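Input: a single structure, listed below in structure tokens.
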Amino acid sequence: MSSETMSVFSPRLAARLDALTAKYPVRRSALVPMLLYAQDEAGYLSDTVIIEVADRIGITELEVRNVASYYSMLRFKPAGKYNIQVCTNISCMLRGGNEIYERFQDELGIGHKGVTADGVFSLEEVECIGACCWAPAIQVNYEFHDELTPEQVPAILAGYRGKETAHA
Amino acid sequence: MPRLVSHPDEVKIVTRRFGQGAAEIDKYIELGGYESAKKCLAQGSDWIINEMKASGLRGRGGAGFSTGMKWSFVPIHSAKPKYVLVNGDESEPGTCKDHLIFLHDPHAVIEGTIIAGLAIGAKVGFIYLRGEYRYLLEIMEKAVADAYARGFLGKKIFGSDTEFQIITQTGAGAYEVGEESALMESVEGKRGVPRIKPPFPAVVGLYGGPTIINNAETIATVPHVIAMGAAAYAAVGSERNGGTRLFSISGHVERPGVYELPMSYNLKKMIYEVAGGVRGGRGLKAVVPGGSSTPVLLPEEIDIGMDFDQVGKAGSMLGSGGVIVIDDQTCIVEFALRTISFYQHESCGWCIPCREGTDWLKKSLTRVHAGFGATKDIDNIQYIAENMLGRTFCPLGDAAAMPILGFVKKFRKEFEEHLDGKACPFVEHVDLAVI
Chain A
1 MSSETMSVFS
11 PRLAARLDAL
21 TAKYPVRRSA
31 LVPMLLYAQD
41 EAGYLSDTVI
51 IEVADRIGIT
61 ELEVRNVASY
71 YSMLRFKPAG
81 KYNIQVCTNI
91 SCMLRGGNEI
101 YERFQDELGI
111 GHKGVTADGV
121 FSLEEVECIG
131 ACCWAPAIQV
141 NYEFHDELTP
151 EQVPAILAGY
161 RGKETAHA
Chain B
1001 MPRLVSHPDE
1011 VKIVTRRFGQ
1021 GAAEIDKYIE
1031 LGGYESAKKC
1041 LAQGSDWIIN
1051 EMKASGLRGR
1061 GGAGFSTGMK
1071 WSFVPIHSAK
1081 PKYVLVNGDE
1091 SEPGTCKDHL
1101 IFLHDPHAVI
1111 EGTIIAGLAI
1121 GAKVGFIYLR
1131 GEYRYLLEIM
1141 EKAVADAYAR
1151 GFLGKKIFGS
1161 DTEFQIITQT
1171 GAGAYEVGEE
1181 SALMESVEGK
1191 RGVPRIKPPF
1201 PAVVGLYGGP
1211 TIINNAETIA
1221 TVPHVIAMGA
1231 AAYAAVGSER
1241 NGGTRLFSIS
1251 GHVERPGVYE
1261 LPMSYNLKKM
1271 IYEVAGGVRG
1281 GRGLKAVVPG
1291 GSSTPVLLPE
1301 EIDIGMDFDQ
1311 VGKAGSMLGS
1321 GGVIVIDDQT
1331 CIVEFALRTI
1341 SFYQHESCGW
1351 CIPCREGTDW
1361 LKKSLTRVHA
1371 GFGATKDIDN
1381 IQYIAENMLG
1391 RTFCPLGDAA
1401 AMPILGFVKK
1411 FRKEFEEHLD
1421 GKACPFVEHV
1431 DLAVI
């Protein structure tokens, strides 16, 4: 497909995805990164995103859905602009990960995979994110926050809300 | 930025460039970087493999297989292209060492990959990072681009006639992809469902070509082994367990962190001296020695050297080197439940014993923890776990069953204390709504 004229993605992402398919010995190896990068821009894997990715790789939509459904970071519904992922796995649990998660629930008024009414935040209880020695840890989109206490939660939220207002 | 720690007992080999800005290629070169790759280019494949065998380096991913041996299994002549695949999926709960390697020393991963490629005659290497490590992937990608710009990667590496390319790859959230055959499936753009073995990857691997798959820590260690010499590296550790290991110490200790210690370093000393002992002066209840999948050790079992053989002899595994310390105020049933919840979440569902087993273990443990269990539930947990062992394509089934068996066998009394409507002695409010 001519990505410049028909893509549902921004020209910048379309160019990135073009480069991605050229990177591998076998085109299909671009599938998982392509889905993730597409999701980063579009927010989730909508039907139109899946159709374009299938077209770019040269496989069916069903095959794309089949692969996408395996990976826990890929989603088929919108998340908040800032997706808060709280690790409650064992190392984080031992150092208060559950309490961090509860505090986020209280502050945001949403539960696992919930999205706030204004669409700014979503919340997820996630498995180990590889920050065990700096527990309890969370990720907001791709950004890590380490060694947290529940008391720090409001400030973290305020920080992202501030970013949101600055952009608005 | 994750905090770096230090202790006088550390032997900094793999971590020696940490915190010095070695992610920048000039700094890496200034600190001796890429000299090992040049040396290997001059010495050739047989020499490299012999050095690796002599170093005693064993795979840091968990299985502990000799790196030199693994490399020697790749056929010299192959009709299909050969590949090196670096496993940076790091997802074993309790493990965060590769996180620091990618952050502080990405060029060591590149240089190790080049050397592995020279050893097996591959022209392409893949470096795979878990999807959550996006900021680390960006660091790796910049490092790879810099290495290309210097001519360390490409058609003619270091001005020779040898070609070597590196491709970075991201995952998108999957523990199971850390298993080598599932990792190859993921690189090929598929669901990370494991392949049955044989054939082994050294014969039929990525895209059907012979492939070696090594953990990121193993690969990052390789240039250091070459630089200091196999004998010197081996001498740091103990017999059959060469060199150092990056131990991720987490949980209830005063000073959690990633410490590089000689192989066979005493576990008790590691907890009480290196990591500062149990937090808040509490008592020690248990230690998970090598990541969440390794069976728990009791306080009286930790006076052992941390190497593949001694931890194995103690009835557990060195695994990924993730030491999780549990204090005496922790409910083991809750800990077991959180462990199995993870494996239940991560099971791909391909093999029935794993798919059904993890689910039933989670259900049974939920019931016991909530105080609704009966004695037969404890027996059932043991029965289910025992029947998962060795009955799945990939080790995820074992990884889920082994720790649960350990908890039940060593803490049966605590499980029994939860039975017949008795509230968990450690948690104030057990959520009955989950039943």
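Chains A and B, in that order, give the protein sequences. So the first sequence is numbered by the working numbering: it starts at 1 and just counts up by one. So the second sequence is numbered by the working numbering: it starts at 1001 and just counts up by one. Ideal Cβ positions, reconstructed from N, Cα and C, are used throughout, including at glycine. All values derive from a computational prediction rather than experimental measurement.
Item	Value
Whole-Å CB distance - A1116 of chain B paired with W1071 of chain B, under 8 Å assumed	7 Å
V1430 of chain B at chain A interface by Cβ criterion, 7 Å	Confidence in V1430 of chain B is poor, its pLDDT being 48 and thus under 50, which makes the residue's placement unreliable; the coordinate value appears in the next sentence. It does not; no Cβ of chain A falls within 7 Å.
CA-to-CA distance, A38 of chain A to V1434 of chain B, given in whole angstroms	Here V1434 of chain B scores only 48 on pLDDT, less than 50, and its place in the model is too uncertain to base an answer on.
Cross-strand partners of V1084 of chain B (DSSP beta bridge)	B:G1125 and B:I1212
7 Å Cβ cutoff, K1342 of chain B in contact with chain A	Note that residue 1342 of chain B is Phe in the sequence shown here, rather than Lys. Yes, F1342 of chain B lies at the interface with chain A (some Cβ there is under 7 Å from its Cβ).
Closer than 7 Å to chain B by CB, L13 of chain A	no
Test: L1254 of chain B CB closer than 7 Å to a CB of chain A	Note on identity: in this sequence residue 1254 of chain B is Glu, with Leu being the wrong assignment. It does not; no Cβ of chain A falls within 7 Å.
CB contact below 7 Å: Y71 of chain A versus chain B	yes
Per DSSP, cross-strand counterpart(s) of T1221 of chain B	Paired residues: none, contrary to the question.
For I83 of chain A, the residue or residues it bridges with in DSSP	Per the sequence shown, residue 83 of chain A should be read as Asn rather than Ile. DSSP, once it has assigned bridges, lists A:S122 as partnering N83 of chain A.
Anticipated Cβ contact below 8 Å, I1213 of chain B with N1380 of chain B, distance rounded	That pair is no contact at about 36 Å.
Selection from B:S1347, B:V1323, B:P1295 and B:P1199 that minimises the alpha carbon distance to K1313 of chain B	B:P1295
Residues that N1266 of chain B bridges to, as DSSP identifies them	B:G1305
K77 of chain A versus S46 of chain A - alpha carbon distance	7 Å
Exposed unless 16 or more other CB atoms sit within 10 angstroms - verdict on R103 of chain A	buried
Exposure of S2 of chain A, with buried meaning 16 or more beta-carbon neighbours within 10 Å	Because S2 of chain A sits at a pLDDT of 45, beneath the cut-off of 50, its placement in the model cannot be relied upon, and the following sentence gives the value as read from the coordinates. Its Cβ having fewer than 16 others within 10 Å, S2 of chain A is exposed.
Own chain partners of Q1382 of chain B with C-beta closer than 6 Å, once the 5 adjacent residues on each side are dropped	V1408
Three-state class that DSSP yields for A1286 of chain B in the structure shown	strand
CA nearest to the CA of G1208 of chain B, picked from B:E1051, B:R1150, B:F1426 and B:P1081	B:P1081
S1248 of chain B - partner residues in DSSP beta bridges	B:V1258 and B:G1322
Neighbourhood of E4 of chain A by C-beta distance below 8 Å, restricted to the same chain and skipping five residues each side	Low per-residue confidence applies at E4 of chain A: pLDDT is 46, beneath 50, and the placement is therefore not dependable, though the value from the model is reported in the following sentence. These residues qualify, in order along the chain: P11 and A14.
Exposure label - R1090 of chain B; buried when at least 16 CB within 10 Å	Per the sequence shown, residue 1090 of chain B should be read as Glu rather than Arg. Buried, because 16 or more other Cβ atoms sit within 10 Å of the Cβ of E1090 of chain B.
Min CB distance A54 of chain A to chain B below 7 Å	no
Inter-residue spacing [alpha-carbon to alpha-carbon] between L1432 of chain B and A1370 of chain B	Low per-residue confidence applies at L1432 of chain B: pLDDT is 48, beneath 50, and the placement is therefore not dependable enough to give any value.
Minimum Cβ-Cβ distance from W134 of chain A to chain B less than 7 Å	yes
H1429 of chain B versus T1170 of chain B - alpha carbon distance	The pLDDT assigned to H1429 of chain B is 46, lower than 50, so where the model puts this residue is not dependable, and the model offers no usable value.
Beta-carbon gap between G1131 of chain B and M73 of chain A smaller than 7 Å	yes
Span separating the alpha-carbon of V86 of chain A from that of Q1043 of chain B	49 Å
F1164 of chain B (DSSP reduced to helix, strand or coil)	strand
Proximity winner among B:G1283, B:N1050, B:D1307 and B:F1308, relative to L1298 of chain B (alpha-carbon distances)	B:G1283
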